[in-house]
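*Asks:* My questions will all concern the structure given below.
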Amino acid sequence: MDDLDQLEAQSIFILREAYRKLRPLALLWSLGKDSNVMVWLARKAFMGRVPFPVMHVDTGKKFPEMYAFRDEYTKKWDLDLILGDCPPVEEIDPSLPPAARSAARKTAGLAALIDQHKFRGVIAGIRRDEQATRAKERVFSPRGAGHRWDVRNQPPEFWDQYATPYEDGMHIRVHPLLAWREVDIWRYIERENIPLVDLYFSKNGQRYRSLGDQDITSPIDSNASTVAEVIAELEISKTSERAGRAMDHESEDAFERLRVAGYL
Amino acid sequence: MADIVNSNAAQAILRPAATPIVIVGHVDHGKSSLIGRLLYDTDSLQDGKLAQIVESSRKRGLTVEWSFLLDSLQIERDQGVTVDSTRIPFRLGDREFVIVDAPGHRQFLRNMITGAADAEAAVLVVDAQEGAQEQTRRHAMLLRLIGIRHVIVLLNKSDLLNFEESAIAKAEADVRQLLGRLEIEVEAVVPASARDGDNIASRSERSPWYKGPTLIEALSNVPPPASRLALPFRMPVQDVYRFDDVRYVAGRIERGTVRVGDQIVIGAQRQVATIAEVCRWHAPVRPVAGAGESIALRLEPDLVPDRGDLLFPANDEAAAPERAARIRTRLFWLRGEPLQVGESFVLRLATAEHDVTVVSIDAVVDLDDLTLRPGDSVPPDGFAEITLATSHAILFDPFSPGFGDGRGVLVDRHQRIVGGAPLIGPAELAEGTHAIHPTSSRISAGAQAAARGHRSGVFWLTGLPGSGKSTVARATEADLAAQGIKATVLDGDTLRAGLCSDLGFSPQDRQENIRRAAHVAKILAESGQVVIVALVSPLQSDRDLARKIIGEEFHEVFVDSPLETCEARDPKGLYAAARAGRIPEFTGVSAPYEAPQAPVLRLATDRAAEETAQELTTFIADRVR
Numbered sequence: 001m002d003d004l005d006q007l008e009a010q011s012i013f014i015l016r017e018a019y020r021k022l023r024p025l026a027l028l029w030s031l032g033k034d035s036n037v038m039v040w041l042a043r044k045a046f047m048g049r050v051p052f053p054v055m056h057v058d059t060g061k062k063f064p065e066m067y068a069f070r071d072e073y074t075k076k077w078d079l080d081l082i083l084g085d086c087p088p089v090e091e092i093d094p095s096l097p098p099a100a101r102s103a104a105r106k107t108a109g110l111a112a113l114i115d116q117h118k119f120r121g122v123i124a125g126i127r128r129d130e131q132a133t134r135a136k137e138r139v140f141s142p143r144g145a146g147h148r149w150d151v152r153n154q155p156p157e158f159w160d161q162y163a164t165p166y167e168d169g170m171h172i173r174v175h176p177l178l179a180w181r182e183v184d185i186w187r188y189i190e191r192e193n194i195p196l197v198d199l200y201f202s203k204n205g206q207r208y209r210s211l212g213d214q215d216i217t218s219p220i221d222s223n224a225s226t227v228a229e230v231i232a233e234l235e236i237s238k239t240s241e242r243a244g245r246a247m248d249h250e251s252e253d254a255f256e257r258l259r260v261a262g263y264l
Numbered sequence: 001m002a003d004i005v006n007s008n009a010a011q012a013i014l015r016p017a018a019t020p021i022v023i024v025g026h027v028d029h030g031k032s033s034l035i036g037r038l039l040y041d042t043d044s045l046q047d048g049k050l051a052q053i054v055e056s057s058r059k060r061g062l063t064v065e066w067s068f069l070l071d072s073l074q075i076e077r078d079q080g081v082t083v084d085s086t087r088i089p090f091r092l093g094d095r096e097f098v099i100v101d102a103p104g105h106r107q108f109l110r111n112m113i114t115g116a117a118d119a120e121a122a123v124l125v126v127d128a129q130e131g132a133q134e135q136t137r138r139h140a141m142l143l144r145l146i147g148i149r150h151v152i153v154l155l156n157k158s159d160l161l162n163f164e165e166s167a168i169a170k171a172e173a174d175v176r177q178l179l180g181r182l183e184i185e186v187e188a189v190v191p192a193s194a195r196d197g198d199n200i201a202s203r204s205e206r207s208p209w210y211k212g213p214t215l216i217e218a219l220s221n222v223p224p225p226a227s228r229l230a231l232p233f234r235m236p237v238q239d240v241y242r243f244d245d246v247r248y249v250a251g252r253i254e255r256g257t258v259r260v261g262d263q264i265v266i267g268a269q270r271q272v273a274t275i276a277e278v279c280r281w282h283a284p285v286r287p288v289a290g291a292g293e294s295i296a297l298r299l300e301p302d303l304v305p306d307r308g309d310l311l312f313p314a315n316d317e318a319a320a321p322e323r324a325a326r327i328r329t330r331l332f333w334l335r336g337e338p339l340q341v342g343e344s345f346v347l348r349l350a351t352a353e354h355d356v357t358v359v360s361i362d363a364v365v366d367l368d369d370l371t372l373r374p375g376d377s378v379p380p381d382g383f384a385e386i387t388l389a390t391s392h393a394i395l396f397d398p399f400s401p402g403f404g405d406g407r408g409v410l411v412d413r414h415q416r417i418v419g420g421a422p423l424i425g426p427a428e429l430a431e432g433t434h435a436i437h438p439t440s441s442r443i444s445a446g447a448q449a450a451a452r453g454h455r456s457g458v459f460w461l462t463g464l465p466g467s468g469k470s471t472v473a474r475a476t477e478a479d480l481a482a483q484g485i486k487a488t489v490l491d492g493d494t495l496r497a498g499l500c501s502d503l504g505f506s507p508q509d510r511q512e513n514i515r516r517a518a519h520v521a522k523i524l525a526e527s528g529q530v531v532i533v534a535l536v537s538p539l540q541s542d543r544d545l546a547r548k549i550i551g552e553e554f555h556e557v558f559v560d561s562p563l564e565t566c567e568a569r570d571p572k573g574l575y576a577a578a579r580a581g582r583i584p585e586f587t588g589v590s591a592p593y594e595a596p597q598a599p600v601l602r603l604a605t606d607r608a609a610e611e612t613a614q615e616l617t618t619f620i621a622d623r624v625r
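Protein sequence lines correspond, in order, to chains A and B. Residue 208 in the UniProt record's numbering sits at position 208 of the first sequence, and the numbers go up by one each step. Residue 311 in the UniProt record's numbering sits at position 311 of the second sequence, and the numbers go up by one each step.
This is how it looks when you write it as structure tokens:
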């Protein structure tokens with residue numbers, strides 16, 4: 001087994017644990033590269049089908065290409081799609097910096113969906129290498145009442161044994177991609193031929209490395225127009241993946257505050 | 001069914017999986033600084049990271065503080081401690097490593113285990129000047145318990161000793177002695193300064209006498225993770241799916257390989273099946289799968305295993321796992337309250353879940369000198385060796401460093417992981433004994449006493465037939481109830497009418513009668529009740545047995561009435577029958593009565609039964625209030 005085989009096998013193991021232990025269960029599908037890999041891994045785990053719903057929490061501010069992609073692959077992959085919308089920005093904590101406040105809309109939209117469907121497990125595609133607070137995550141991450149993440153009191157997790165405590169109002173975030181790195185995702189996309197929104201590929205010297213809402217994501221300078229070129233670029237790049245995400249840089253703790261409140 | 005891959009897989013570069021390395025050591029001995037330095041020296045930092053650290057350091061009035069690289073949570077920066085483990089990949093030549101940064105603070109032990117449990121090698125960071133401290137010992141113990149095979153010691157802050165050879169040799173000897181006691185083999189002891197970069201990536205000019213490897217050289221020398229492919233096949237069943245009328249037995253192969261046509265045993269069911277198909281989706285069709293792969297199997301016949309069933313090779317005794325209902329295990333204990341004998345948990349072993357009870361605590365690690373001592377309980381964050389009993393024999397492979405087998409965890413009834421339990425092997429049982437599988441109440445005695453308003457106890461009334469035991473017991477029961485104390489009476493006739501109706505009056509049957517009564521009394525007492533046992537129990541040895549069964553709650557009460565009085569009363573006409581020879585072996589007539597030598601209470605019965613009962617009531621009430 002090479003490193004991708006091992007990452008794949010581990011993610012499948014995690015997805016199968018979640019399916020067995022946490023019902024009802026749903027998978028967050030943001031239409032980005034990581035969550036496409038995650039849907040793909042779910043299909044691997046369950047012999048070609050995704051036996052639980054996928055959720056898209058829609059800010060209404062995604063790129064048109066993303067909506068088109070969603071419609072196409074919901075059908076092609078036979079997904080049970082649940083859509084959720086987000087409250088207007090005026091209803092969000094005004095003490096957050098502007099981009100973080102905009103991002104927090106998604107947290108509120110997600111919370112409403114989880115409450116509505118009473119999900120006990122929500123699969124999310126975060127990776128440790130994306131952002132420092134994500135590096136602290138568990139594979140099975142309990143979210144207490146109000147969906148808050150108690151970063152200082154996380155359960156022990158070792159030897160592939162995951163805690164599944166449950167009280168009313170809480171759920172478990174499941175993170176099958178935690179151990180993957182950005183370049184692993186791309187190498188796996190290449191190996192498996194996983195389809196992507198083409199905003200990730202260079203046009204006129206620019207491409208998106210990470211896709212969020214239109215108003216808070218910026219493209220990077222790049223000539224990488226194929227998966228292979230993106231991988232080659234990443235092998236030598238030393239720029240952080242989320243450099244194009246405004247909210248990560250507004251203040252030292254903005255992202256942590258978002259995450260504690262339930263943001264991905 | 002399988003969707004054949006036509007991707008660029010063939011052209012993909014085959015890369016070995018990353019080797020996880022854990023960095024452990026006492027707080028402030030420099031773990032985070034070491035990692036920051038390692039990343040910097042191996043050119044593994046992302047753009048902007050260095051500038052960020054310099055800026056964060058400047059804001060706090062520090063020179064470059066490498067640990068800010070990792071301690072990225074706000075609270076960590078403010079408190080200057082690492083709260084949780086962080087994983088950071090870095091590369092040495094062609095080899096990938098994942099560094100696990102483990103926090104040193106005592107209360108964060110579980111986070112450290114979370115980070116360290118899968119590591120292949122460890123760097124134990126020890127302040128050269130301070131030497132081994134409490135966390136050094138604790139972490140070293142943990143490395144042993146979780147079975148990390150390769151340990152490199154970094155004598156950090158050696159600059160504070162001016163890299164003086166003899167001072168460093170002394171520090172090295174101390175650490176080697178500590179690790180030697182734990183039977184941990186040390187691969188290298190590197191005198192270094194993480195802050196200044198001495199002997200990390202490059203050889204320090206300040207220690208010309210040092211001939212050993214730099215830290216990076218020592219890490220490169222760690223062998224890659226062991227292959228589990230050559231071992232006998234094991235697959236714990238993770239789940240069974242039925243999609244489109246096909247049944248898939250899903251799981252991850254923990255070791256060995258499996259091939260279409262192989263015969264396997266479904267462990268718990270002891271049924272044999274043949275592998276009909278190794279199923280994968282969107283992958284090349286291959287009739288074989290090996291350790292580490294998450295696959296699905298189709299079985300012939302189409303048997304239905306349960307989650308947790310271990311699949312292993314059929315027709316090969318040598319390749320079968322151990323089978324036992326009592327298992328010795330090591331333990332690292334993560335709950336905030338001590339572990340006691342008699343507590344019940346779920347033992348999770350791969351995907352299996354077994355109800356277990358702690359039947360003995362065999363040794364507790366003294367963290368001051370790392371010796372094993374007898375103990376009644378395991379303290380929070382403590383280490384021990386214990387014996388677990390399961391309700392039925394379970395299948396397992398004992399834990400072995402570097403492999404996934406036998407790595408149990410204990411889970412409480414809230415589904416929280418409270419302990420790590422690497423299994424040592426079957427526990428020996430004394431000749432002729434049966435493995436027992438008790439469970440215990442999860443309500444503590446204190447909580448029961450609080451709920452009832454009184455403690456429990458067993459008051460064992462012994463005396464000749466007709467001495468008035470049952471009468472006194474019933475009157476006392478009523479008196480206690482009037483005082484708000486709930487008591488239960490177990491008397492001979494009641495027991496023999498039901499629970500012991502199969503017993504006669506032979507010495508063996510009498511002993512069995514007492515044994516059963518003692519166990520029932522114990523169960524009632526453990527539920528918080530006051531129990532009054534009224535049994536002739538003529539032999540001292542039988543009452544000793546009852547005392548042994550019940551433990552410290554046993555109180556022996558002698559209902560002292562002379563034989564003549566009893567015989568004169570003869571409420572049930574038994575003495576008359578015995579004298580007439582109709583009852584063989586009647587206590588006091590044709591069988592002995594051994595009066596207690598030191599009862600806690602002697603009740604004289606030459607007075608009204610109510611008075612005797614009042615004396616007993618007062619005695620009991622004093623002891624349980």
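Every residue, glycine too, gets a C-beta built ideally from N, C-alpha and C. Small disclaimer: the values here were computed from a predicted structure and weren't measured.
1. Apart from the five residues on each side of it in sequence, which residues of its chain come closer than 6 angstroms, Cβ to Cβ, to Arg106/B?
2. Where do the ends of the alpha helix (DSSP H) carrying His117/A lie?
3. Mind listing the chain C neighbours of Pro176/A? Cutoff is C-beta to C-beta under 9 angstroms, in chain order.
4. Helix, strand or coil: how does DSSP classify Lys203/A here?
5. Taking Pro224/B as the query, report the chain A residues whose CB atoms sit under 7 angstroms from its CB, ordered along the chain.
6. Whole angstroms are fine: how far does the CA of Glu553/B sit from the CA of Arg515/B?
7. Between the C-alpha atoms of Val559/B and Phe459/B, what's the straight-line distance to the nearest angstrom?
8. In the DSSP assignment, what are the bridge partners of Met235/B?
9. Within 10 angstroms of the Cβ of Gln10/A, are there 16 or more other Cβ atoms? Answer buried if so, exposed if not.
10. Closest Cβ-Cβ distance between Gly256/B and chain A: below 8 angstroms?
11. Anything in chain A within Cβ reach of Leu334/B, meaning under 7 angstroms, just list it in chain order.
12. Does the distance from the C-beta atom of Val285/B to that of Val258/B stay below 8 angstroms?
13. Grouping DSSP H, G and I as helix and E and B as strand, with all else coil, what is Ile417/B?
14. Which chain B residues are close to Tyr166/A, counting only those with a beta carbon under 9 angstroms from its beta carbon?
15. Output, in chain order, the set of chain B residues within a Cβ distance shorter than 7 angstroms of Ile12/A.
16. Applying the 10 Å Cβ sphere with the 16-neighbour rule, what's the burial state of His354/B?
17. Is Thr390/B close to chain A, meaning its C-beta is less than 8 angstroms from at least one C-beta of that chain?
18. Kindly provide the ranges of any beta strand (DSSP E) runs that are 3 or more residues long and lie completely inside the segment 12-45 of chain A, ordered along the chain.
19. Beta-carbon of Val83/B versus every beta-carbon of chain A: anything under 8 angstroms?
20. Inspect the CB distances between the segment 341-352 of chain B and the segment 402-411 of chain B and report whether three or more fall short of 8 angstroms.
21. Taking the continuous beta strand (DSSP E) assigned at Tyr248/B, which residues delimit it?
22. Is there at least one Cβ from chain B nearer than 8 angstroms to Phe163/A's Cβ?
23. Between the C-alpha atoms of residue 631/B and Val489/B, what's the straight-line distance to the nearest angstrom?
24. In the DSSP output, what is Asn156/B paired with across the bridge?
25. What does the alpha-carbon distance come out to for the pair Gly121/A and Val175/B?
26. Which of the three DSSP states is assigned to Ile194/A in this structure?
27. Please report how far the alpha carbon of Val125/B lies from the alpha carbon of Arg37/B, in whole angstroms.
28. Which of helix, strand or coil does DSSP assign to Pro64/A?
29. Taking the beta carbon of Leu83/A as the centre, do at least 16 other beta carbons fall within 10 Å, making it buried, or is it exposed?
30. Would you say Pro438/B faces chain A, with C-beta separation under 8 angstroms as the test?
31. Would you mind stating whether Phe119/A and His171/A have Cβ atoms separated by less than 8 angstroms?
32. Using the three-state DSSP reduction, which class does Tyr210/B fall into: helix, strand or coil?
33. Check Ala9/B in the structure and name its three-state DSSP category.
34. Is the distance from the Cβ of Ile123/A to the Cβ of Ala18/A below 8 angstroms?
35. Just mark Arg270/B as buried or exposed, buried being the case when its beta carbon has 16 or more other beta carbons within 10 Å.
36. Between Trp281/B and chain A, is there a C-beta pair that is closer than 8 angstroms?
*Replies:* The relevant details are as follows:
1. Residue 106/B sits at position 106 when you count from the first residue of the second sequence. Confidence is the limiting factor: at Arg106/B the pLDDT is only 49, short of 50, which leaves the residue's position unreliable and the question unanswerable from this model.
2. Here residue 117/A refers to the residue found at position 117 when the first sequence is read from its first residue. Note, His117/A: alpha helix (DSSP H), 98-117.
3. In the structure shown, chain C cannot be found, because the protein chains are A and B.
4. Stepping through the first sequence from its first residue, residue 203/A is reached at position 203. Lys203/A: strand per DSSP, three-state reduction.
5. The sequence position of residue 224/B within the second sequence is 224, counting from 1. Near Pro224/B there are no residues of chain A at all, since even the closest Cβ is about 12 angstroms away, more than 7 angstroms.
6. The count along the second sequence starts at 1 and reaches residue 515/B at position 515. The count along the second sequence starts at 1 and reaches residue 553/B at position 553. Approximately 16 angstroms, taken between the alpha carbons.
7. For the purposes of this step, residue 559/B is taken as residue 559 along the second sequence, with counting starting at 1. For the purposes of this step, residue 459/B is taken as residue 459 along the second sequence, with counting starting at 1. Going by the C-alpha atoms only, they are around 12 angstroms apart.
8. On the second sequence, position 235 is the one that residue 235/B refers to. Looking at the DSSP assignment, Met235/B forms a beta bridge with Leu311/B.
9. Numbered from 1 along the first sequence, position 10 holds the residue referred to as residue 10/A. With 16 or more other Cβ atoms within 10 Å, it is buried.
10. The count along the second sequence starts at 1 and reaches residue 256/B at position 256. So, not an interface residue.
11. Translated into the one-based positions of the second sequence, residue 334/B becomes position 334. Within chain A, the residues near Leu334/B are Pro156.
12. The residue given as residue 285/B occupies position 285 in the second sequence. The residue given as residue 258/B occupies position 258 in the second sequence. With a cutoff of 8 angstroms on beta-carbon distance, Val285/B and Val258/B are scored as not near each other.
13. One-based indexing of the second sequence puts residue 417/B at position 417. Three-state DSSP puts Ile417/B in a strand.
14. Taking the first residue of the first sequence as 1, we reach residue 166/A at position 166. Residues of chain B passing the Cβ test: His414, Gln415.
15. Position 12 of the first sequence, counting from 1, holds the residue named residue 12/A. By Cβ distance, chain B contributes Ser294.
16. In the second sequence, residue 354/B corresponds to position 354, counting from 1. Under this definition His354/B is a buried residue.
17. In the second sequence, the residue the question calls residue 390/B occupies position 390. Answer no: the Cβ-Cβ gap between Thr390/B and chain A never drops below 8 angstroms.
18. 25-28
19. Counting from 1 along the second sequence, the entry for residue 83/B is found at position 83. Because Val83/B sits at a pLDDT of 41, beneath the cut-off of 50, its placement in the model cannot be relied upon, and the point is left open.
20. yes
21. Position 248 of the second sequence, counting from 1, holds the residue named residue 248/B. Tyr248/B -> beta strand (DSSP E) spans 246-252.
22. As a working note, residue 163/A is residue 163 in the first sequence. One point to set straight first is that residue 163/A is Ala, not Phe, in the sequence displayed. Closer than 8 angstroms: yes.
23. Within the shown structure, residues of chain B are numbered from 1 to 625, placing residue 631/B beyond reach of any answer.
24. Along the second sequence, one-based indexing puts residue 156/B at 156. Its beta-bridge partners are Asp127/B.
25. The count along the first sequence starts at 1 and reaches residue 121/A at position 121. The count along the second sequence starts at 1 and reaches residue 175/B at position 175. Roughly 46 angstroms separates the two Cα atoms.
26. Along the first sequence, one-based indexing puts residue 194/A at 194. Reduced to three states, the DSSP call for Ile194/A is coil.
27. In the second sequence, residue 125/B corresponds to position 125, counting from 1. In the second sequence, residue 37/B corresponds to position 37, counting from 1. Whole-angstrom Cα-Cα distance: 13 angstroms.
28. On the first sequence, position 64 is the one that residue 64/A refers to. Three-state DSSP puts Pro64/A in a helix.
29. As a working note, residue 83/A is residue 83 in the first sequence. When all chains shown are included, Leu83/A counts as exposed.
30. Reading the second sequence from its first residue, position 438 is the one you call residue 438/B. Low per-residue confidence applies at Pro438/B: pLDDT is 49, beneath 50, and the placement is therefore not dependable enough to give any value.
31. Taking the first residue of the first sequence as 1, we reach residue 119/A at position 119. Taking the first residue of the first sequence as 1, we reach residue 171/A at position 171. Against a cut-off of 8 angstroms, the Cβ pair of His171/A and Phe119/A comes out as a contact.
32. Translated into the one-based positions of the second sequence, residue 210/B becomes position 210. Residue state, collapsed to three classes: coil.
33. As a position in the second sequence, residue 9/B is number 9, starting the count at 1. Unreliable positioning characterises Ala9/B in this predicted model, as indicated by a pLDDT of 39, which lies under 50. The coordinate reading is nonetheless provided below. Helix.
34. On the first sequence, position 123 is the one that residue 123/A refers to. On the first sequence, position 18 is the one that residue 18/A refers to. In contact: Ile123/A and Ala18/A (Cβ atoms closer than 8 angstroms).
35. In the second sequence, the residue the question calls residue 270/B occupies position 270. That one is exposed.
36. For this step, residue 281/B is matched to residue 281 along the second sequence. Closer than 8 angstroms to some Cβ of chain A, the Cβ of Trp281/B qualifies, so yes.
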